[in-house]
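As structure tokens, the structure follows; a few thoughts come after it.
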Ligand code: UDP
């Protein structure tokens, strides 16, 4: 530290704004006492609803955010501008050693730009992931954040290679693993006797999560997905557990779509209930980045309703498969999905312990070791 600079009110300022980011930040928060560093956790307010189900923070011994911003939600630009101004003010107050951002949301980019404007080193956790799909706003957020970051922490070799291919300096990259695996493993002992709300008892159960705008905001595709779910229930004699996301619920109401027979909707559930559901389910159908990985962490095969994934390792090892949702409006597309659901129900996924991927549950510890031992401005 420059001897003339003011003291740090916190060592790290961390920006979170969407549900998966609260979960990811829990891993680092839990590991901070081991290196004696403090943190100021700023909730950007990007998804005000995403405070839902944060009880797990308490169960995992993690405090709630220190600061709650309330950006104007009138448009994406307006929200981005308010988050940027709010985060910048918090950085100036805390004068941290570094700003930490996670993943690929608008909050990630707002935090990255604010750190840059304040000339504070930026740490990007989950750097180097690329879906290759430039229609996804997340893909642009990832690329821009990686460009701004001083430290690029990757989940595995594919992301590390990607950054090197894009010309990033190797000294700025550290391959530490996935902080979500840290949290999933820490949650395991709490899952044993846990029954998610309204969990359907008998027969095969498929857990479904759908919330990507590219799928749920197109009523013919959403209708196709619901149709395939109904056909799966009849053919397999199973039940579907579908915690419907608020965005998906709105889209269904607007399009006059109903859930098929045999589908249970408990509404959005907490993190620990979600992990218990992933563990108990026979099969997962999802369009979520986080849930496709967590399915594997909990030992369950997944069919991913996306044409690409940033989690290439999962595909390569056979923990999940992709189905392109853009065909769901046609009978052929729905049949392809049904066939995949049938084949994947009985797939044995490789064991997380034996795969030795994503840092084995020690990503946060390794990330903090790197940060505390090196110059934050590489
Ligand atoms: N999640 C949850 N409750 C739910 C749905 C999701 O706790 O009802 C968790 C899920 O286990 C994962 C994270 O939220 O850890 C992923 O969120 P989401 O699917 O919304 O986002 P994505 O990963 O696609 O960005």
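In the numbering used here, the protein residues as written are 1 to 378. Ideal placement from N, C-alpha and C gives every residue a C-beta, glycine not left out. Bear in mind that the values here come from a model prediction, so they are computed numbers and not experimental data.
DSSP state of residue 69, grouped into three classes? coil
Using the rule of at least 16 other Cβ atoms within 10 Å of the residue's Cβ for burial, across every protein chain shown, is residue 179 buried or exposed? buried
Look up residue 346 in the DSSP assignment and say whether it is helix, strand or coil. coil
Indicate whether at least one CB of chain B lies closer than 8 Å to the CB of residue 273. No chain B appears in this structure, which consists of one protein chain only.
Under three-state DSSP, which class holds residue 389? With the chain running from 1 to 378 in the structure shown, residue 389 is simply not present.
Starting from residue 272, follow its DSSP beta bridges and name the residues at the other end. Answer is none; residue 272 lacks a bridge partner.
Following a CB-centred definition, is residue 279 positioned closer than 7 Å to any heavy atom of the ligand UDP? no
Can you tell me which residues form a DSSP beta bridge with residue 102? 125
Going by C-alpha distance, which of 308, 350, 303 is nearest residue 337? 303
Is residue 149 closer than 8 Å to residue 114 when the C-beta atoms are compared? no
Can you pull the DSSP bridge partners for residue 10? DSSP output for residue 10 lists no bridge partner at all.
Confirm the yes/no value for this check: CB of residue 29, any heavy atom of the ligand UDP, distance under 7 Å. no
Taking the CB atoms as reference points, tell me whether residue 325 and residue 215 lie closer together than 8 Å. yes
Is residue 288 near the ligand UDP - that is, is its Cβ less than 7 Å away from at least one heavy atom of it? yes
Would you report the Cα separation of residue 29 and residue 39, rounded to the nearest angstrom? 8 Å
Taking only three categories from DSSP, how would you classify residue 364? helix
What residue does the beta strand (DSSP E) around residue 294 start on, and which one ends it? Taken as a continuous stretch (DSSP letters only), residue 294 belongs to no beta strand (DSSP E), being part of the alpha helix (DSSP H) at 289 to 297.
Between residue 19 and the ligand UDP, is there a pair consisting of the residue's CB and a ligand heavy atom that are separated by less than 7 Å? yes
Let's test the definition: count the other Cβ atoms within 10 Å of the Cβ of residue 2 and tell me whether it reaches 16, buried, or not, exposed. Since pLDDT at residue 2 reaches only 49, below the 50 mark, its modelled position is unreliable, and no value is offered.
If I measure Cβ to Cβ from residue 12 and keep anything under 7 Å in the same chain, skipping five residues before and after, which residues do I get? 37, 39, 96, 97, 98, 100
Nearer than 7 Å: is that true of the beta carbon of residue 211 relative to any heavy atom of the ligand UDP? yes
Spatially closest choice to residue 353 from 299, 343, 366, by CA coordinates: 299
Residue range of the unbroken beta strand (DSSP E) whose run includes residue 239: 239 to 241
Quick one, are the C-beta atoms of residue 142 and residue 106 less than 8 Å apart? no
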